[in-house]
Amino acid sequence: MEAVFITIAVLAVLGCVAAVILYFVSQKFKVYEDPKIGEVEEVLPGANCGGCGFAGCHAMAEALAKADDISALSCPVGGSAVMSQVAAILGKSVAESAPKLAVVRCSGCTVGENANRQKTLSYDGAKSCAIASTHFAGDTACSYGCLGLGDCVKVCQFNAIKVNPETGLAEVDEAKCVACGACAKACPKQIIEIRDKGRVVKDQARRVWVSCVNKDKGAVAMKACKSSCIGCGKCAKVCKFEAITIEGNVAHIDNDKCKACGMCINECPKKAILATFEPPVKPAPKPAETPAPTEQKVAAAEVNKPDQQ
Amino acid sequence: MNTLTVSPSPHVHSSDSVKRNMYGVVIALLPALAASLWFFGLGALTVLLTSIVSCVLIEFLIQKFVLKVPTTITDGSAAVTGLILAFNLPAGLPLWIVVVGALVAIGIGKMTFGGLGQNIANPAILGRVFLLVSFPAQMTTWPVPGDADGATGATPLGLLKEGGVGALSNLQTSDLLYGNIGGSLGEVAAICLIIGGLFLIFAKIITWHIPVSILATVAIFSGILWGVDPTTYADPMFHILTGGMLLGAFFMATDYVTSPMSHSGMIVYGVGIGLITMLIRTFGAYPEGMSFAILIMNIVTPLINTYCKPKRFGEVVKK
Amino acid sequence: MLKTFSIGGIHPEENKLSAGNALKQFKLPADIKEVKIPVAQHIGAPAQPVVAVGDDVRVGQVIAQAGGFVSANIHAPFSGKVKKIEATTGDDGKPAMMITIAIEGDEWVETIDRSAGIKREITLSAEEIVKKIGEMGIVGMGGARFPAQVKLAVKPGQAQALIINGVECEPYLTADHRLMLEKSEEVLIGVKILMKAIGVSEAFIGIENNKKDAIDLLSKLAAGYPGIHVQPLKMKYPQGGEKQLIDACIGRQVASGALPISVGAVVQNVGTAFAVYEAVQKNKPLIERVVCVTGKPLQNPTNFWARIGTPVKALIEAAGGIPEDCEKIIGGGPMMGRAFANIDVPIHKGSSGILLMSKEESKRGEIANCIRCAKCVSVCPMGLEPFLLSKVSAKSLWDMAEENHIADCIECGSCSFTCPSNRPLLDYIRLGKGKVMGIMRARAAAAKAAAEAAKPAEEKK
């Protein structure tokens, strides 16, 4: 019985001594931090993705608390909702920004008999786009297209981008993508673009983009891939909002000017312009001469039905 | 012509592989294996087979059903763990204890860390030490070599611990060399272990740094003590030839995964093992300290790797 | 005991298939009507074309001029009409600027001495030699293609020894070996010229022990050239690395980030020595070189004398054509050469070899876990830790890569060659080295800019 009491007493004394030491240590090494930083960090998503340009959410919170004007800072993951919460905590104002997402600008499927790009080489090295691209231009005739080795997949913290084994191309999962831009930075071919999600009509975000970055001259690009942009400029001519420019043999649609009318989609002879909605019917369209690209995503498949009208 | 292949240089590879190294270790252990069968007969064979089979099987089952990853049992690393574990067990040990040892070695020592190359401590030694502290009676029941009647005796180090140097008067150095002593399966035949160890060095599976630094440290440490008082302390030759010293120095401390990467680090590691072993043997409660010494230095290895960097080219500029 | 470098090294299979085959002059087949000459045939800035489409050019005429301090002139290797100056697909599949010449006849510039005799007397002064070498577009012929005149521009008294690289430690390649055997006299005169250019009295020709015939022949002839020593070396890859060769020959180690001249050494290849002989004594620019076309699947491995701009395909054709089981074609040796992504390209000044490989030989093994065997550490000739560098590069930890001296890596490939787990160590290390070097350069540039910005402020005070 005595042993039990001694044990309890020893433990109690030890506990008290430890508590006193801890108290003094914590006083001695206390670091003052603006309590608002903690509050801001609470509302930030906590993914530490670095999409804002800072090392993590804590660094972002510090920057937000410190800055007088936070309109230049934005959390791509949380979007406007989080930023307005942050603004409320700090008593600062923030501009509304449109939701964005990553778009892979390549439809050059490399797998199967109907591949848009046929493999001309095989690559046998470390599975990294960055390494492969320092050694050669790519394993198909197109030297601009997706290598499919998944550097974008490795850097994505949200599991939102994958290389589809059926096409050999990187694909973005719209529901998961937060547009942090990590994949766009990681892609050595600079195929991934952060674009506006688009105006939502009937639960669907309407957006249009050129799914190719091939800067080769028309004839070369034509030969390299069935779904390449050849820089013919037909889309730019048909666009009523001057949203499309041709630079370096490749078309680009300006996010801000595009009204997602879809006029350019059927105009493209190579079906290189993709959209998330059914393109408007063109009077008496010619049947497409070039075979449609293999189904890349539901949206893409919907675009490629010009023959049914 | 086929489609051309593009790959970064180099475009050729040596014939070296994980398999070559692992089966090289198995080959190097064969002489000691033969000696153990010769001295301990069936009791050794059952322990050996149980240990190897259970190690390989446990690795297979964990990879197949728990981790659901491709199995890697063909690379030979599990077999080597099984073999070395068995070498550290006394012949005639109840087989269920051997299986428990294999489970700890592979299951806890290796697979929990992520399999081959990821573990921080040598799995076989972990298994052995677990058994030693859990089943001390069974683990220190040493059959007498060549005695089929199941008589048991003590190991030379046990004799030393119990009775001091005087208890060793009947032991001949030749008995230590050929293995005519009590002990675990693989540690008894010193000459076979030396042959195997030299094979490993000449086949470039291991480098000399670890074994030589361990043995040299042990020789110097015990030499000093012996020089001071030969009636209390055993001679260096005795320390080197007994208690799994050679097995540990050539086969266990040199385990790739848990030993340092640079040559200087290997020497620090070897000296550490030698010192700790001798401290345990001379001043500790256990008669034998090799396993503990290796385990302790295994844990220190990441630290050694941080501080003992290889000598870089041009670091010391000669003018 | 033969000399060799002190840290690491490996012993790959030699496979010197074409060592016994004499040099063969390559004649361009009649059906090849035009050749492409790349303007970037050297390390540094690409040369600037100085001819226009439609111009007539003669063999040896300058068609592109050095585009900077580290750059080299390019001369027409064939005579004819300039047809195109435009970017076409290079050997890696990326665009490369090339000058296309439609071949007409074989007219040479008159100043080139085309006589067969050997000219021994060196008449030019040191400065004239360096200037001449620059004019003639000589670059390092071992494969690195560093403009030769830049390395030779040393301050008087700075250099103490000239080291000539006759090691050819890459498996398969025999270009330098044959050159030393068949043009020995010219090589030695070239060495003499280089010695005069940098003002040293001693030169060491390092040759690995597998080329005993070359060692014997050059030793015998070198007796007539005081100051030139033939240094037999123990076989070990990568002995041909500049720093390794200096260590092997004169036992001095160049510090991290320093140039060979810091230990008083200048290194040139035997091929460069021969090119220097031709440039200085015969007034002939660098328009030809030895190309070793070799490989196990190839019918007749051959050492060709071929003009720059000769299509790679034509050379392979002349050596027996591309066999069925050929899987990989490499420009250079198997350890450091680059695999061609496009073989519709010409040879350039650094094309020491064209190597054909079958699938069995070149296919990489399946990657397994790192077993931390430390073999990569043991073989690294720079004393680095490849396993660590590869890991931190794969994880983009550039700070850690720099701390562990990734910039010292010479990309010799010994680590990947040795790895029992077939890990692509060098692939990642090369990536990391590129990134870290970029970061270091940016930092140096920023520091320089900051220093310059601070200067006027101080002056004002």
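Residue numbers (our numbering), protein chains in the order written: chain A, 1 to 309; chain B, 310 to 628; chain C, 629 to 1089.
Even glycine gets a Cβ: it sits at the ideal position worked out from N, Cα and C.
Since we're looking at a predicted model, the values are computed, not measured.
Taking just the CA atoms, how far does residue j sit from residue i?
i	j	result
residue 92 (chain A)	residue 179 (chain A)	24 Å
residue 1001 (chain C)	residue 630 (chain C)	29 Å
residue 48 (chain A)	residue 55 (chain A)	7 Å
residue 931 (chain C)	residue 949 (chain C)	15 Å
residue 1008 (chain C)	residue 925 (chain C)	30 Å
residue 1021 (chain C)	residue 1036 (chain C)	14 Å
residue 952 (chain C)	residue 623 (chain B)	46 Å
residue 785 (chain C)	residue 892 (chain C)	9 Å
residue 433 (chain B)	residue 59 (chain A)	46 Å
residue 967 (chain C)	residue 1082 (chain C)	48 Å
residue 578 (chain B)	residue 865 (chain C)	30 Å
residue 243 (chain A)	residue 263 (chain A)	12 Å
residue 877 (chain C)	residue 794 (chain C)	12 Å
residue 691 (chain C)	residue 701 (chain C)	8 Å
residue 633 (chain C)	residue 639 (chain C)	13 Å
residue 682 (chain C)	residue 713 (chain C)	10 Å
residue 7 (chain A)	residue 1 (chain A)	10 Å
residue 219 (chain A)	residue 230 (chain A)	7 Å
Which same chain residues, not among the five before or five after residue i, have their C-beta less than 7 Å away from its C-beta?
i	result
residue 853 (chain C)	816 and 820
residue 818 (chain C)	901, 902, 904 and 905
residue 994 (chain C)	1050
residue 998 (chain C)	1015, 1049 and 1051
residue 147 (chain A)	129, 132, 133, 138 and 189
With 8 Å set as the bound, which would you pick, yes or no: does the beta-carbon of residue i sit closer than that to a beta-carbon of chain A?
i	result
residue 1027 (chain C)	no
residue 315 (chain B)	yes
residue 626 (chain B)	Legend: pLDDT at residue 626 (chain B) = 47, less than 50; position of this residue unreliable, value from coordinates given subsequently. It does not; no Cβ of chain A falls within 8 Å.
residue 991 (chain C)	yes
residue 960 (chain C)	no
residue 383 (chain B)	no
residue 1062 (chain C)	yes
residue 969 (chain C)	yes
Counting only C-beta atoms, is residue i closer than 8 Å to chain C at any point?
i	result
residue 578 (chain B)	no
residue 419 (chain B)	no
residue 390 (chain B)	no
residue 620 (chain B)	yes
residue 329 (chain B)	yes
residue 586 (chain B)	no
residue 425 (chain B)	yes
What residues in its chain sit with their C-beta under 6 Å from that of residue i, if we drop five residues either side in the sequence?
i	result
residue 441 (chain B)	448
residue 984 (chain C)	923, 925, 926, 954 and 957
residue 747 (chain C)	909
Please confirm if residue i has its CB atom under 8 Å from at least one CB of chain B.
i	result
residue 963 (chain C)	yes
residue 939 (chain C)	no
residue 121 (chain A)	yes
residue 1054 (chain C)	yes
residue 1010 (chain C)	yes
residue 285 (chain A)	No answer about residue 285 (chain A) holds up, because its pLDDT of 47 lies below 50 and its placement is not dependable.
residue 688 (chain C)	no
Identify the residues that DSSP records as bridge partners of residue i: which are they?
i	result
residue 956 (chain C)	C:985
residue 861 (chain C)	C:631 and C:836
residue 200 (chain A)	A:205
residue 920 (chain C)	C:931 and C:981
Beta-carbon within less than 8 Å of residue i's beta-carbon, same chain only, minus the 5 sequence neighbours each way: which residues are those?
i	result
residue 379 (chain B)	372
**Item:** Proximal residues, the segment 125 to 137 of chain A versus chain C, C-beta separation under 8 Å
**Value:** 125, 126, 128, 130, 131, 134, 135, 136 and 137
**Cβ-based contacts, 8 Å cut-off: residues of the segment 139 to 172 of chain A near chain C** = 143
**Asked** According to a CB-to-CB cut-off of less than 7 Å, which residues of the segment 556 to 579 of chain B neighbour chain C?
**Response** 565, 566, 570 and 571
**Item:** Near-chain A residues of the segment 720 to 746 of chain C - C-beta to any C-beta below 7 Å
**Value:** 720, 721 and 722
**Message:** Residues of the segment 330 to 356 of chain B in Cβ contact with chain C at a cutoff of 7 Å, in chain order, please.
**Reply:** 330
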